[in-house]
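As structure tokens, the structure follows; a few thoughts come after it.
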């Protein structure tokens, strides 16, 4: 059983390399690959007149030059809301014809333009949601444990968010409102696993008073390791099945969850306790 606390440099180096790669790609690609929810575009409501497959809609519209489908949402068994890049007026007839060729009974019932201003408002709303979620978690953990443990947990959550964003920057995966929902879900999942570790640290601090705080954290992490791994594996099995069998919209939600659950488990086991030791020091437990 190796000492996790003593391997701090290695354990911190792994996420730092991923985040650094994400920053480089973010600069090289000029930012994240945001869809029309944030950059603006066109949203169409289409009555298809038959049951449909999301990929079939993409295959019908994407060949139109200058038009790319960013998302397809079902709205009933035979209706879909399709979001695309901005469709010029002269191209709209081509889009109609392409949809009609693929779905003869289809009818575009409404067309709305999504402005970039709305996208800025969504970014701001998402930032506020994440900020208040993190703030409330900090207050709760401080009340339950102590301020230093709350700060440590928040640092671990920041690690999770940065890793997910880095993956999206590196592979230029599309960022939409589903991505924001997945981020908030991961924050809740990851903090739960961290609290389990911190609970064991608090219990061991009362029982083991002669050892350093660093050793107590190390023992606590190892004692909760099986629980952390089992929870993560069972969650990942479900997410992988949904990703493989789900439609495109489900996959867009599952992908950040897969990344987040994995890095959340890593931060709960290897990162959160490290920060608590750094903030509190390796002195003997009080």
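In the working numbering, the protein residues as written are 85 to 370.
Each residue gets a CB set at the ideal place from its N, CA and C atoms; glycine is no exception.
Owing to the predicted nature of the structure, the values given are computational and were not obtained by experimental measurement.
Next on the checklist: Count Cβ pairs between the stretch 338-353 and the stretch 314-326 that sit closer than 8 Å; are there 3 or more?
Outcome noted: yes
Item to check | Exposed unless 16 or more other CB atoms sit within 10 angstroms - verdict on residue 185 | outcome: Sequence index remark: in the chain shown, residue 185 carries index 101 (1-based). Burial call: exposed.
Checklist entry - Cβ atoms of residue 282 and residue 364: under 9 Å apart, would you say? => result Working through the chain shown from its first residue, we reach residue 364 at position 280. Working through the chain shown from its first residue, we reach residue 282 at position 198. Cβ distance not < 9 Å, so residue 364 and residue 282 don't count as in contact.
Next on the checklist: Just to confirm the assignment: which complete alpha helix (DSSP H) runs, minimum length 4, are found wholly within the stretch 294-352?
Outcome noted: 297-329 and 332-350
Next on the checklist: Please give the ranges of any beta strand (DSSP E) in the stretch 226-305, keeping only runs that are unbroken, at least 3 residues long and fully inside the region.
Outcome noted: none
Next on the checklist: Between which residues of its own chain and residue 127 is the CB-CB distance below 6 Å, once the five residues before and five after are set aside?
Outcome noted: One-based indexing of the chain shown puts residue 127 at position 43. Here the set comprises 167, 196 and 198.
Next on the checklist: At 4 residues or longer, what runs of the alpha helix (DSSP H) sit wholly inside the stretch 151-217?
Outcome noted: 173-186
Checklist entry - Assuming residue 155 contacts residue 119 under a Cβ cut-off of 8 Å, what Cβ separation, rounded to an integer in Å, is found between them? => result In the chain shown, counting from the first residue as 1, residue 155 sits at position 71. In the chain shown, counting from the first residue as 1, residue 119 sits at position 35. Going by Cβ atoms, the distance from residue 155 to residue 119 rounds to 6 Å, so yes, they are a contact pair.
Checklist entry - When DSSP labels each residue in this structure, what does residue 130 get in the three-state scheme? => result As a working note, residue 130 is residue 46 in the chain shown. Residue 130: strand per DSSP, three-state reduction.
Checklist entry - Under the DSSP definition of a beta bridge, which residues are partnered with residue 106? => result For the purposes of this step, residue 106 is identified with residue 22 of the chain shown, where counting begins at 1. According to DSSP, which records beta bridges pairwise, residue 106 is partnered with nothing at all.
Checklist entry - Which residues mark the beginning and the end of the alpha helix (DSSP H) in which residue 148 is found? => result Sequence index remark: in the chain shown, residue 148 carries index 64 (1-based). Where residue 148 is concerned, there is no enclosing alpha helix (DSSP H), given that its DSSP letter is neither H nor E.
Next on the checklist: Can you tell me whether residue 91 is helix, strand or coil according to DSSP?
Outcome noted: In the chain shown, residue 91 corresponds to position 7, counting from 1. Residue 91: helix per DSSP, three-state reduction.
Item to check | As assigned by DSSP and simplified to three states, the class of residue 125 | outcome: In the chain shown, residue 125 corresponds to position 41, counting from 1. In the structure shown, residue 125 sits in a strand (DSSP, three-state: E or B).
Checklist entry - With which residues is residue 117 paired in a DSSP beta bridge? => result In the chain shown, counting from the first residue as 1, residue 117 sits at position 33. BP columns for residue 117 point to 258.
Next on the checklist: Comparing C-alpha positions only, which one of 146, 164 and 190 sits nearest to residue 170?
Outcome noted: Locating residue 170 in the chain shown gives position 86, counting from the first residue. Closest option to residue 170, Cα to Cα, is 146.
Checklist entry - Just to confirm, are residue 270 and residue 357 a CB contact at a threshold of 9 Å? => result Position 186 of the chain shown, counting from 1, holds the residue named residue 270. Position 273 of the chain shown, counting from 1, holds the residue named residue 357. Not a contact, by the Cβ cut-off of 9 Å.
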